[in-house]
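Presented below is the structure to which this report refers.
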Amino acid sequence: MGERTDYVTYVHQVYDYLHTIPEKGFEEFKTSAFVLEELKKIGFEDIKTGVAGTGIIVTIDSGKEGPVLGLRADMDALEFIIDGKKTMIHACGHDGHTSMLLAAAREIHDRDLVKKGKLKIIFQPGEERLYGALRMIDSGLLDDVEEIVGMHLRPKQDCRLGKAIPAMYHCASCIMEFTIKGVTCHGSKPHLGVNVVDAASLAVQAINAIRVNPAIPSSIKVTNITVPGETYNNIPDEAFMAMDIRSESNEEIERIKERAIAAVTGAAAAVGAEAILRSKDGVPAAEFDQGMIELAEETIKDVLGEDGSIGIFKNSGGEDFHYYAQKLHCKATYLGLGADAVPGFHNPNVVIDTKALEYGVPIWCRLVEKRLGA
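The UniProt record's numbering puts the first residue of the sequence shown at 1, with every later residue one more than the last.
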């Protein structure tokens, strides 16, 4: 991006550009090409591209014994329907995450911060699709990662500008989908059919009757019931049903999933219908390493001062980052960085205080210094 500038100027330049090219998960072609071009300008040589389609992994190997540390940023934007048109918007701060990690990569390279072990800088696609991390893992290029850290900008109500969170605990989350099949007939002869609306109605009541463990924050709720077509004087023979399930425990969410399947299939069977499970996709709950949390806490205080950390924070949202710890069996933590985002992420009108980007870069650099420095 022209002449070599200080990281403050650079991170804003990168952000300003990335904010203008929001792209859907696994379609981050412009974003990936830009990041690759910048990485080459910086002077990196060990760059793996096309990982999970549009992902990039940069490796800095000191050649000396030490831990293998991964730093991860996500790149994708969100799709909205505005005035009847599909519109891509960076409404979750991923452009900020990519900007901070790219600027930090330049600092890490120029300052030669990796003195031992190995650093892997990960630009991941498809977080909003909730399986971008899985595809990165499937590449096999991260099999040697022993420790990994992510970072996410935070809305005003979570963490204020100039503050940070050493461990953001997300819930396990799952979207469960069913197709309910019945028998169609004319509305004047309902006894000849099997009404899937009846089945869906009973299924909602059965779902609402599931008792979750009160000691573990969890929830399950039906979020969609759809019957195709616009004919209202016949008994419909097919319906779609979806529900959102969340829990702070990976074990508890599995128990809730089993209860949900039994509830829907049993409710449908009670009226002679059949419920077919279509999917139960989701992401795991955060499982962090205490040593990594302490490293993040110390790093935050080094950069933002003794009162810079607000401590651990629990969030009922989901994040595919947590697949890294689960599948790679590595130590992890996930930082939250105050950005005074309003009115909130996943809102097409969200605005962040870009001053936060200037804090994220030195946090990344200091973390690398503390873990991989001499």
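For each residue, glycine too, the CB sits at the ideal point set by N, CA and C.
Within 7 Å, strictly: CB atoms of Ala260 and Met136: Here residue 260 corresponds to residue number 260 of the sequence shown, with the count starting at 1. Here residue 136 corresponds to residue number 136 of the sequence shown, with the count starting at 1. Result no, Cβ atoms of Ala260 and Met136 do not sit closer than 7 Å.
Starting from the N-terminal side, write out each stretch of the beta strand (DSSP E) that is 3 residues or longer and does not extend beyond the stretch 60–117. Entirely contained in the stretch 60–117, the beta strand (DSSP E) runs reaching 3 residues are, in chain order, 68–74, 78–82 and 85–89.
Using 7 Å as the threshold, is the C-beta distance between Asp307 and Lys156 below it? Taking the first residue of the sequence shown as position 1, residue 307 is located at position 307. Taking the first residue of the sequence shown as position 1, residue 156 is located at position 156. The Cβ atoms of Asp307 and Lys156 do not sit closer than 7 Å to each other.
Since Ile164 sits in a beta bridge, which residues does DSSP pair it with? Position 164 of the sequence shown, counting from 1, holds the residue named residue 164. The sequence shown places Ala at residue 164, not Ile. For Ala164, which the question treats as bridged, DSSP gives the partners Ser309 and Leu337.
Taking one C-beta from the stretch 19–31 and one from the stretch 72–79 each time, how about it: are there three or more such pairs within less than 8 Å? Yes, since at least three Cβ pairs between the stretch 19–31 and the stretch 72–79 fall closer than 8 Å, the two stretches touch.
C-alpha distance - Tyr359 paired with Ala268, whole-angstrom precision: For the purposes of this step, residue 359 is identified with residue 359 of the sequence shown, where counting begins at 1. For the purposes of this step, residue 268 is identified with residue 268 of the sequence shown, where counting begins at 1. C-alpha separation (whole angstroms): 54 Å.
In whole angstroms, what is the alpha-carbon distance linking Gly344 and Val350? Here residue 344 is taken as the residue at index 344 of the sequence shown, counted from 1. Here residue 350 is taken as the residue at index 350 of the sequence shown, counted from 1. Answer to the nearest angstrom: the Cα atoms are 6 Å apart.
At what residues does the alpha helix (DSSP H) containing Asn213 begin and finish? Locating residue 213 in the sequence shown gives position 213, where the first residue counts as 1. Following the DSSP letters along the chain, one finds Asn213 in no alpha helix (DSSP H), marked with neither H nor E.
Under 8 Å: do the stretch 279–297 and the stretch 205–223 share three or more Cβ pairs, one atom per stretch? The stretch 279–297, when compared against the stretch 205–223, does not touch it at the 8 Å Cβ threshold.
Separation of Lys181 from Asp16, as counted between CA atoms: One-based indexing of the sequence shown puts residue 16 at position 16. One-based indexing of the sequence shown puts residue 181 at position 181. Cα-Cα distance, rounded: 50 Å.
For Asn250, which of helix, strand or coil comes out of DSSP? Here residue 250 refers to the residue found at position 250 when the sequence shown is read from its first residue. Looking at Asn250 - three-state DSSP - the assignment turns out to be helix.
Under 7 Å between C-beta atoms, does Ile180 make it to chain B? In the structure shown, chain B does not exist; there is a single protein chain.
Assuming residue 384 and Val196 form a contact by the criterion Cβ under 8 Å, report the distance between their Cβ atoms to the nearest whole angstrom. Given that the chain is displayed from residue 1 to residue 374, the structure contains no residue 384 and the question cannot be resolved.
Once you ignore the five residues that flank Ala300 on each side, which residues in its own chain have a CB closer than 7 Å to its CB? To locate residue 300, count along the sequence shown from 1; it is residue 300. Rather than Ala, the amino acid found at residue 300 in this sequence is Ile. Same-chain partners within the cutoff: Ala164, Pro166, Gly308, Ser309 and Ile363.
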